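Structure, as structure tokens:
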């Protein structure tokens with residue numbers, strides 16, 4: 183039985199994430215928490231994020247949660263979602279802030295001058311909606327998820343890892359960007375599995391049963 | 216392949232029921248919101264939009280309960296609008312399980328609310344709804360209070376201003392077409408969508424599946440919203456998507 187802590191640092195509604203995990207893994211204990219001790223006790227940790235990354239970093243520190251995140255990311259099954267993926271990297275162009283530096287690389291904005299599709303039509307930013315996710319490494323979290331499945335995205339920034347070897351999936355808008363990354367016990371996704379219907383629920387089910395090994 | 220165009224069923228809710236009006240008046244009962252939400256989710260709806268059209272403030276709590284029930288059973292994005300007047304209203308809807316909150320009249324009477332809510336909760340969850348009516352050749356004006364009050368604001372300029380203040384999406388309804396089943400006001404939709412960098416959701420007038428495709432292909436909408444064609448079982452969301460896919464529109468099937 184998994185004991186899953188969803189880290190709450192005051193940015194956005196985390197009940198959707200909790201609802202979705204409870205739905206696919208009724209036997210798991212799911213807690214939305216801002217208590218470092220509870221996060222460190224949990225068997226699995228979910229690190230979500232909404233809004234702007236500078237605010238997320240500030241709120242994380244204001245609540246004294248940085249240490250609990252850093253330690254969890256070292257030692258237990260750890261799932262970053264959306265800004266929770268972006269914060270794992272060294273730096274973000276959004277407000278030019280430093281991230282947690284757990285993964286090497288930076289977070290960049292979709293460049294307005296390149297946002298055109300093949301037929302020359304303007305692409306909007308934020309990137310909102312259901313896009314295809316092309317997995318590029320075999321991973322327990324991709325189990326039962328078809329190649330090219332669509333997941334729900336909403337973001338204006340994307341991560342560019344230094345090490346392409348950690349890219350677990352890419353999506354295209356209009357160029358390919360890393361829509362999921364994986365390194366050891368860390369898995370992080372730019373999309374929202376909790377809002378991605380059956381494919382998203384499958385990923386969360388896989389996470390709740392994951393032991394952190396690849 | 217890339218980002219799919221979205222199909223969004225819209226549920227107008229009052230007194231705990233889904234209803235549908237014609238030209239903003241004359242309501243018909245269309246069923247239980249949670250049941251309808253589940254049905255659309257099963258059919259492959261990309262998102263759901265709930266508009267609380269309750270007039271009296273003592274029934275305002277009903278929508279929160281509905282959103283809580285839907286959010287614990289349906290795992291796609293939920294937008295809720297209607298009667299959002301303060302940052303506290305945005306917060307309580309988000310806490311109930313809404314992913315996005317839509318503002319219309321209150322954005323006009325207090326544009327700072329859009330900026331404030333966007334700064335506080337992120338632009339990804341702020342939708343500005345615009346009800347527009349044609350007032351001349353290539354001219355549309357913004358109306359509020361469910362279409363009863365003229366504002367003197369140009370719809371295109373207003374949409375761009377809302378983008379600048381922090382809206383993450385614009386939900387544009389043609390009042391001339393709403394409830395008529397004659398199709399979107401394509402000229403309006405395209406003019407606003409082309410003026411924006413953020414996504415545009417087209418609304419008002421869908422009577423058949425060809426209208427949905429037109430909204431995307433000719434109106435340049437990023438998402439299309441419809442109510443009555445789905446509520447009364449004329450078409451399923453799945454049929455709508457298959458129709459669009461046959462027109463080479465990228466959809467989530």
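Chains as they are written, first to last, in the numbering used here: chain A, 183 to 396; chain B, 216 to 468. Cβ coordinates follow ideal geometry from the N, Cα and C atoms, glycine included. Only a predicted model underlies this, so the values are computations on that prediction, with no experimental measurement involved.
In whole angstroms, give me the CA-to-CA distance for residue i and residue j.
| i | j | result |
| --- | --- | --- |
| residue 318 of chain B | residue 324 of chain B | 11 Å |
| residue 274 of chain B | residue 230 of chain B | 7 Å |
| residue 422 of chain B | residue 410 of chain B | 26 Å |
| residue 385 of chain A | residue 312 of chain B | 20 Å |
| residue 166 of chain B | residue 301 of chain B | Since the first residue shown for chain B is 216 and the last is 468, residue 166 of chain B is missing from the structure and cannot be characterised. |
| residue 330 of chain A | residue 283 of chain A | 30 Å |
| residue 383 of chain A | residue 355 of chain A | 24 Å |
| residue 460 of chain B | residue 223 of chain B | 16 Å |
| residue 307 of chain A | residue 435 of chain B | 15 Å |
| residue 207 of chain A | residue 282 of chain B | 22 Å |
| residue 217 of chain A | residue 301 of chain A | 50 Å |
| residue 381 of chain A | residue 326 of chain A | 8 Å |
| residue 336 of chain B | residue 380 of chain B | 13 Å |
| residue 267 of chain B | residue 228 of chain B | 5 Å |
| residue 216 of chain B | residue 455 of chain B | 19 Å |
| residue 344 of chain A | residue 361 of chain A | 14 Å |
| residue 289 of chain B | residue 351 of chain B | 42 Å |
| residue 363 of chain A | residue 357 of chain A | 17 Å |
| residue 215 of chain A | residue 394 of chain B | 46 Å |
| residue 270 of chain A | residue 285 of chain A | 6 Å |
| residue 242 of chain B | residue 377 of chain B | 30 Å |
Measuring alpha carbon to alpha carbon, tell me which residue in the options is nearest residue i.
| i | options | result |
| --- | --- | --- |
| residue 251 of chain B | B:275, B:303, B:225 | B:225 |
| residue 252 of chain A | A:331, A:275, A:368 | A:368 |
| residue 291 of chain B | A:362, A:333, A:370, A:360 | A:333 |
| residue 225 of chain A | A:243, A:208, A:186 | A:186 |
| residue 352 of chain A | A:376, A:339, A:314, A:344 | A:314 |
| residue 237 of chain A | B:334, B:245, B:342, B:378 | B:334 |
| residue 266 of chain A | A:183, A:301, A:349, A:233 | A:233 |
| residue 330 of chain B | B:351, B:305, B:371, B:350 | B:305 |
| residue 391 of chain B | B:297, B:375, B:356, B:425 | B:356 |
| residue 243 of chain A | A:287, A:209, A:280 | A:280 |
| residue 247 of chain B | B:221, B:219, B:284 | B:284 |
| residue 365 of chain A | A:358, A:320, A:241, A:246 | A:320 |
| residue 210 of chain A | A:395, A:358, A:387 | A:387 |
| residue 294 of chain B | B:327, B:258, B:343, B:269 | B:343 |
| residue 235 of chain B | B:276, B:442, B:463, B:289 | B:442 |
| residue 202 of chain A | A:378, A:276, A:310 | A:378 |
| residue 276 of chain A | A:295, A:337, A:219 | A:337 |
| residue 440 of chain B | B:402, B:340, B:448, B:388 | B:388 |
| residue 299 of chain A | B:462, B:218, B:467 | B:218 |
| residue 212 of chain A | A:347, A:190, A:231 | A:190 |
| residue 328 of chain B | B:299, B:370, B:348 | B:299 |
| residue 230 of chain A | A:371, A:390, A:311, A:391 | A:371 |
| residue 244 of chain B | B:432, B:232, B:279 | B:232 |
| residue 250 of chain A | A:239, A:263, A:278, A:221 | A:221 |
Going by DSSP, name the residue or residues bridged to residue i.
| i | result |
| --- | --- |
| residue 288 of chain A | A:273, A:342 |
| residue 363 of chain A | A:349, A:370 |
| residue 224 of chain B | B:441 |
| residue 313 of chain A | A:333 |
| residue 205 of chain A | In DSSP, residue 205 of chain A forms no bridge with anything. |
| residue 232 of chain B | B:229 |
| residue 306 of chain A | BP columns for residue 306 of chain A are empty, so no partner. |
| residue 431 of chain B | Beta-bridge pairing links residue 431 of chain B to no other residue. |
| residue 229 of chain A | A:262 |
| residue 215 of chain A | A:189 |
| residue 263 of chain B | B:293 |
| residue 384 of chain A | Beta-bridge pairing links residue 384 of chain A to no other residue. |
| residue 279 of chain A | A:274 |
| residue 243 of chain B | B:235 |
Does any residue of chain D bring its CB to less than 8 Å from the CB of residue i?
| i | result |
| --- | --- |
| residue 355 of chain A | In the structure shown, chain D cannot be found, because the protein chains are A and B. |
Please identify, using Cβ separations under 8 Å, the residues of the segment 218-236 of chain B that lie next to chain A, in order along the chain. 218, 219, 220, 221
Within 7 Å of chain B by C-beta, residues of the segment 302-315 of chain A in sequence order: 306, 307, 308, 309, 310, 311, 312, 313, 314
Would you list, in sequence order, the uninterrupted alpha helix (DSSP H) runs of no fewer than 4 residues that lie entirely inside the segment 349-429 of chain B? 370-380, 401-410
Residues, ordered as in the chain, of the segment 359-379 of chain B that lie near chain A by beta-carbon distance below 9 Å: none
Below 8 Å between beta carbons is the criterion; list the residues of the segment 305-334 of chain B that meet it against any residue of chain A, in chain order. 309, 310, 312, 313, 314
With 7 Å as the C-beta to C-beta threshold (strictly closer), list the residues of the segment 259-290 of chain B near chain A in chain order. 261, 286, 287, 290
Taking a cut of 7 Å between CB atoms, which residues from the segment 382-396 of chain B lie near chain A? 383, 384
3-residue-minimum beta strand (DSSP E) runs that sit fully inside the segment 286-321 of chain B, ordered along the chain: 293-296, 315-318
For the segment 213-236 of chain A, which residues have a CB atom closer than 9 Å to at least one CB atom of chain B, in sequence order? 232, 233, 234
Positions along the segment 190-208 of chain A whose CB lies within less than 9 Å of some CB in chain B: 193, 194, 195, 197, 198, 201, 202, 204, 205
Closer than 9 Å, Cβ to any Cβ of chain B: which residues of the segment 329-363 of chain A, in chain order? 330, 332, 334, 335, 336, 337, 338, 353, 354, 355, 356
When Cβ atoms are compared, which residues of the segment 401-414 of chain B fall closer than 9 Å to chain A? 408, 409, 411, 412, 413, 414
With 8 Å as the C-beta to C-beta threshold (strictly closer), list the residues of the segment 411-445 of chain B near chain A in chain order. 411, 412, 413, 414, 415, 435, 437, 438
Of the residues that make up the segment 334-345 of chain B, which ones have a beta carbon closer than 9 Å to any beta carbon in chain A? 334, 335, 336, 337, 338, 339, 340
Note down, in chain order, all residues in the segment 444-464 of chain B with a beta-carbon under 8 Å from any beta-carbon belonging to chain A. none
Give, in chain order, every residue of the segment 245-262 of chain A whose Cβ lies closer than 9 Å to some Cβ of chain B. none
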